[in-house]
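Novice:
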Amino acid sequence: EGYKGFYSKNTKRLTTKVVNDIHKLGGTFLRTSRGGHDTQKIVDNIEDRGINQVYIIGGDGTQKGAALIYEEVEKRRLQVAVAGIPKTIDNDIAVIDKSFGFDTAVEEAQRAINAAHVEVNSVENGIGIVKLMGRYSGFIAMYATLASRDVDCCLIPESPFYLEGRGGLFEFIEQSLKENGHLVIVVAEGAGQEYIASEVHAVNEKDASGNKLLLDVGPWLSHKIKVECIIFTSLPCIFHTC
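With the UniProt record's numbering, the residue at position 40 of the sequence shown is 40, and numbering never jumps.
1) CB-CB under 6 Å to S33, same chain, minus the five flanking residues each way: which ones, in chain order?
2) Given this structure, state the Cα-to-Cα distance separating residue 244 from I89, to the nearest angstrom.
3) Pull up the distance between the alpha-carbon of A67 and that of N45, whole angstroms please.
4) Is residue 249 helix, strand or coil when you go by DSSP?
5) Is I113 closer than 9 Å to A144 when the C-beta atoms are compared?
6) I need the boundaries of the alpha helix (DSSP H) containing L132, first residue and last residue.
7) Within this structure, are the beta carbons of I129 and K87 separated by less than 9 Å?
8) Note down the Cα distance separating K224 from L163, rounded to an integer number of angstroms.
9) Drop a sphere of 10 angstroms on the beta-carbon of V82, count the other beta-carbons inside from all chains shown, and report buried for 16 or more, exposed for fewer.
10) Between the alpha carbons of L155 and D48, how many angstroms are there, rounded?
11) Taking the alpha-carbon positions, what's the E179 to L215 distance?
12) Classify F6: buried if its beta carbon has 16 or more other beta carbons within 10 angstroms, exposed otherwise.
13) Where R76 and K131 are concerned, what is the direct C-alpha to C-alpha distance, given to the nearest angstrom?
14) In whole angstroms, give me the CA-to-CA distance for K24 and D103.
15) Rounding to the nearest angstrom, what Cα-Cα distance links G165 and E74 in this structure?
16) Please classify P160: does DSSP put it in a helix, a strand, or coil?
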């Protein structure tokens with residue numbers, strides 16, 4: 001149950017028999033949760049239960065929590081080993097080359113891209129927008145784009161883009177529609193946030209883990225393209241998928 005599991009009394013002993021078939025199961029066998037990190041309470045429970053090894057599996061937020069637990073364990077001079085195991089589909093943890101879950105995410109993303117490619121080929125001026133996960137890193141979007149070969153444009157948080165003017169997204173779309181009659185755009189969820197925030201009243205809300213809730217780039221981009229395309233071509237047929 002994530003960090004909340006430290007407060008739970010419903011613990012389960014993982015014997016060989018219990019874990020024998022977990023590699024065949026989808027999802028998270030150990031369960032998971034958002035938030036619930038209270039360093040003092042977590043280390044209190046570790047100490048009370050006599051735990052001497054803690055393995056913490058998760059993404060960048062989880063690993064930050066693991067670092068805090070390690071620091072508290074050191075402060076109390078407890079004989080406890082704390083190990084952080086990176087597991088995130090975003091692949092945005094420094095030092096490691098690839099995290100568990102990333103390859104699967106890229107593979108599944110290609111299915112969505114393929115579906116968009118099929119749809120845009122069926123109509124005149126078809127534009128497919130595929131929004132993929134990636135708050136501050138565009139690894140899934142970039143790798144899926146390179147693996148697919150059906151993507152015309154990939155937008156990621158690390159590479160700022162602009163809509164209007166020479167070399168802008170609108171110019172590229174216009175040229176692509178003239179040459180091919182269709183195109184597929186892959187966009188990471190964290191891309192273009194500065195543009196959206198400047199046009200809508202953004203409320204700085206956060207999720208249970210304290211992460212800022214992103215504005216939805218998919219519908220926004222779809223609307224902007226549709227309005228712009230009316231100017232230089234007939235009304236496009238836009239397919240938007242997440």
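Where a beta carbon is used, it is the ideal one built from N, C-alpha and C, also for glycine.
Specialist: Looking at the coordinates:
1) Locating residue 33 in the sequence shown gives position 33, counting from the first residue. Cβ within range, chain order: E1, G2, K4.
2) Here the chain has residues from 1 to 242 only, and residue 244 is not among them.
3) Translated into positions along the sequence shown, residue 67 becomes position 67. Translated into positions along the sequence shown, residue 45 becomes position 45. Those two C-alpha atoms are separated by around 17 Å.
4) Outside the modelled stretch of the chain, which goes from 1 to 242, sits residue 249, for which no answer is possible.
5) Position 144 of the sequence shown, counting from 1, holds the residue named residue 144. Position 113 of the sequence shown, counting from 1, holds the residue named residue 113. Contact flag set, yes.
6) By one-based count along the sequence shown, residue 132 stands at place 132. Taken as a continuous stretch (DSSP letters only), L132 belongs to no alpha helix (DSSP H), being part of the beta strand (DSSP E) at 126-132.
7) Taking the sequence shown and counting its residues from 1, one reaches residue 129 at position 129. Taking the sequence shown and counting its residues from 1, one reaches residue 87 at position 87. No. Outside cutoff.
8) Indexing the sequence shown from 1 puts residue 224 at position 224. Indexing the sequence shown from 1 puts residue 163 at position 163. Those two C-alpha atoms are separated by around 9 Å.
9) Along the sequence shown, one-based indexing puts residue 82 at 82. Burial call: buried.
10) In the sequence shown, the residue the question calls residue 155 occupies position 155. In the sequence shown, the residue the question calls residue 48 occupies position 48. So the alpha carbons of these two residues sit roughly 49 Å apart.
11) Mapped onto the sequence shown, residue 179 falls at position 179. Mapped onto the sequence shown, residue 215 falls at position 215. Their Cα atoms are separated by approximately 32 Å.
12) As a first step, residue 6 is located in the sequence shown; it is residue number 6 there, counting from the start. Flag for F6 reads buried.
13) By one-based count along the sequence shown, residue 76 stands at place 76. By one-based count along the sequence shown, residue 131 stands at place 131. Between R76 and K131, the C-alpha separation is close to 45 Å.
14) To locate residue 24, count along the sequence shown from 1; it is residue 24. To locate residue 103, count along the sequence shown from 1; it is residue 103. So the two alpha carbons sit approximately 17 Å from each other.
15) By 1-based counting over the sequence shown, the position of residue 165 is 165. By 1-based counting over the sequence shown, the position of residue 74 is 74. One C-alpha to the other measures close to 56 Å.
16) For the purposes of this step, residue 160 is identified with residue 160 of the sequence shown, where counting begins at 1. Correct three-state label for P160: coil.
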